[in-house]
Amino acid sequence: MRAGSVGAGTPDRVRRVGDDGGVADDLRVNSWLVIPASELSERFSRSSGPGGQSVNTTDSRVELSFDVRRSRSLPEHARERALRRLANRLTEGVLTVTASAERSQLLNRLAARERLAALLREGIAPPSPPRVPTRPGRAARERRLQDKRRRAQTKRNRRFSAGSDELRQGAGHDRRGCPPRCSREHRRAQAQAARRYRSTESGAKTATMPAHQMTAAIA
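Residue numbering for the sequence shown is 83 to 301, as defined by the numbering used here.
In structure tokens, the structure reads:
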């Protein structure tokens with residue numbers, strides 16, 4: 083009976099990899115590890131993905147399983163790493179991947195094998211060497227100092243333009259038009275000059291000017 087003629091009530095089929103000869107039997111993970119076909123199992127089911135009219139009649143979805151805990155092809159140190167790193171993906175020590183993006187069952191089988199090999203490579207990879215603390219070199223220190231100088235110059239350029247002494251002096255005045263350390267008499271004179279300036283015709287137009295600028299305009 084063909085795969086497409088299986089009834090809706092028939093359970094998913096489980097078989098060993100390589101029964102039909104469509105895919106290579108053994109799964110090569112890296113240069114030294116090859117998973118034999120006897121330790122891999124496939125389960126086929128109907129996919130909900132693309133497929134057009136044949137999506138409801140073809141078992142294109144593939145589940146590929148590998149028993150990490152009971153495998154004889156894994157060395158003991160690789161088994162311990164895989165069980166520790168892939169613990170959140172294992173079900174009783176069995177690693178299962180699915181593939182259903184393609185219409186063809188064969189393409190989904192190939193995709194599942196690639197995904198399983200990638201997960202195993204990541205799980206059994208040796209740990210990265212510890213980081214050795216180092217000091218920055220002369221070029222790195224010089225680049226850092228140049229960046230600091232450039233940043234400081236950018237901030238200075240935002241304040242005032244070159245040669246703007248009046249703006250620098252005006253920046254030290256408070257809202258009443260006096261420098262921070264001016265005397266009481268000076269503040270009183272500044273306030274009187276501001277009132278006289280506001281009473282004039284030109285002062286009425288610029289009544290919002292600071293008092294020290296009004297005094298300078300009157301003088």
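Glycine is no exception: its CB is placed at the ideal position from the N, C-alpha and C atoms. Quantities reported herein were computed from a predicted structural model and do not represent experimental measurements.
Do the stretch 196-206 and the stretch 221-238 touch if we need at least three Cβ pairs shorter than 8 Å? no
From T178 to S210, what distance separates their C-alpha atoms? 26 Å
Do R128 and D141 count as a contact pair if the criterion is CB distance below 8 Å? yes
Please state the DSSP three-state secondary structure of E267. helix
Is the CB-CB distance between E124 and L146 below 8 Å? yes
Compare the Cα-Cα distances from A181 to each of V150, A164, R270 and R197 and report the closest residue. R197
How long is the line joining the alpha carbons of A160 and V150, rounded to whole angstroms? 10 Å
What are the boundary residues of the alpha helix (DSSP H) that D229 is part of? R220 to R241
Taking just the CA atoms, how far does R240 sit from N112? 58 Å
Rounded C-alpha distance that separates R213 from R163: 21 Å
Paired residues, beta bridge with L109 - DSSP: I117
Could you check the C-alpha separation between L227 and R233 for me, to the nearest Å? 10 Å
Among the candidates R152, R143 and V144, whose CA atom is the shortest distance from the CA of E121? R152
Under the three-state reduction of DSSP, which class applies to A207: helix, strand or coil? coil
Rounded to a whole number of angstroms, what is the C-alpha to C-alpha distance between Q235 and R225? 15 Å
Please report how far the alpha carbon of V144 lies from the alpha carbon of A183, in whole angstroms. 10 Å
Inter-residue spacing [alpha-carbon to alpha-carbon] between G175 and W114: 22 Å
By Cβ distance below 7 Å, which residues in the same chain neighbour P118 in space, the five residues on each side in sequence not counted? D108 and S155
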